[in-house]
Amino acid sequence: MAQWGFHINTAVCTGCKACELACKDKHSFDIGPRARRVREISGGGWTVDETNGTVRPIGVFSYSVSYSCGHCDNPACVAVCPTGAHHKDPETGIVSVDTDRCIGCGSCVINCPYDAPQMVESEGVVRKCDLCWDLMTHGEEPACVAICPQRALQVGKIEDLRAECGDQCDILPLPNSEATHPNIVVTPHRNAQFSSVNGLRLISLEQ
């Protein structure tokens, strides 16, 4: 099997959310559901010098992470789906949803640590990232990858991505990878956080 996956370069991501919008447009999602999302982590604070009123930063930082389905080796959505609608392709490793078999029970939504499956209320089914395989088979990039002005996203065979970019995939706000083993590689921002610390804030929530 040639497992496909994503490289996420948080060192250059500006958090513009063009990838979110391109994905929603490609898959004609309703308002609300999104198969790709961008989150911003920030921390640090400010101090005021009482003698002269000068404001100084103390460890202030922020960075953005764009993520979607990791097309995991051990996908939680596949494990809990009662109808087999969620399945992992044996040739590409892509985890997809057969909407004809999906009953909209939401088990995958509850159990996926990456919030990848999204309930589309108007259709009564779940949808998620399918790596834009219809585009890939015609030599095109997934919508999120093609739109990124910073080229912060890359798609490829995971063994090639890891050989080129390393095997880091645990960075806040992403969950620990041990449970599902996602096929993603992350290039950390210089201020990347790998464990929770006091004062850490998750901003840029659902809008």
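Per the UniProt record's numbering, residue 1 is the first one in the sequence shown, and the count goes up by one each step.
Glycine included, C-beta positions come from ideal geometry on N, C-alpha and C.
Remember, predicted model here, so these are calculated numbers, not experimental data.
Under 8 Å between C-beta atoms of residue i and residue j
{"i": "THR180", "j": "CYS72", "result": "yes"}
{"i": "THR14", "j": "GLN150", "result": "yes"}
{"i": "HIS7", "j": "GLN168", "result": "no"}
{"i": "VAL80", "j": "SER107", "result": "yes"}
{"i": "VAL125", "j": "THR99", "result": "yes"}
{"i": "PHE29", "j": "VAL120", "result": "yes"}
{"i": "VAL185", "j": "ARG162", "result": "yes"}
{"i": "SER66", "j": "VAL38", "result": "yes"}
{"i": "CYS132", "j": "LYS26", "result": "yes"}
{"i": "LEU202", "j": "PRO173", "result": "yes"}
{"i": "GLY70", "j": "PRO142", "result": "no"}
Neighbourhood of residue i by C-beta distance below 7 Å, restricted to the same chain and skipping five residues each side
{"i": "VAL55", "result": "TRP46, VAL48"}
{"i": "ASP170", "result": "ASN176, SER177, PHE194"}
{"i": "ILE103", "result": "THR83"}
{"i": "SER62", "result": "GLU40, ILE41, SER42"}
{"i": "PRO90", "result": "MET1"}
{"i": "ARG101", "result": "THR83, GLY84, ALA85"}
{"i": "CYS165", "result": "HIS7, VAL185, THR187"}
{"i": "ASN9", "result": "ALA152, THR187"}
Assigned secondary structure, residue i (DSSP; H/G/I helix, E/B strand, else coil)
{"i": "ILE110", "result": "helix"}
{"i": "HIS189", "result": "coil"}
{"i": "LEU202", "result": "strand"}
{"i": "GLU121", "result": "coil"}
{"i": "GLU178", "result": "coil"}
Any non-hydrogen atom of the ligand NAD closer than 7 Å to residue i Cβ
{"i": "LYS24", "result": "Of the ligands one can find in the structure shown there are none, so the ligand NAD has no counterpart to examine."}
Chain-order list of residues whose beta-carbon lies under 6 Å from that of residue i (same chain, five-residue window excluded)
{"i": "CYS144", "result": "CYS19, ALA22, CYS23, ARG36, LEU153"}
{"i": "ASP130", "result": "SER96"}
{"i": "PRO117", "result": "CYS77, CYS108, VAL109, VAL126, LYS128"}
{"i": "THR92", "result": "TRP4"}
{"i": "ALA11", "result": "THR187, HIS189"}
{"i": "ASN74", "result": "THR180, HIS181"}
Same chain, Cβ closer than 8 Å to residue i, five either side skipped, listed in chain order
{"i": "ILE58", "result": "GLY44, GLY45, TRP46, THR47"}
{"i": "SER122", "result": "ASP30"}
{"i": "GLU140", "result": "CYS132, ALA146"}
Proximity test, Cβ basis, 8 Å: residue i and chain C
{"i": "THR137", "result": "Among the chains in the structure shown there is no chain C, since it carries only a single protein chain."}
### Query
Which parts of the stretch 45–102 are runs of the alpha helix (DSSP H), unbroken and 4 residues or longer, counting only runs that do not cross its ends?
76–80, all fully within the stretch 45–102.
### Task
Taking only runs that begin and end inside the stretch 134–162, name each unbroken beta strand (DSSP E) of 3 or more residues, in chain order.
Segments of the beta strand (DSSP E) lying fully in the stretch 134–162: 153–157.
### Query
Curious, which full-length beta strand (DSSP E) runs of at least 3 residues does the UniProt domain "4Fe-4S ferredoxin-type" (4–34) contain?
For the UniProt domain "4Fe-4S ferredoxin-type" (4–34), whole beta strand (DSSP E) runs of length 3 or above, ordered along the chain, are 4–9.
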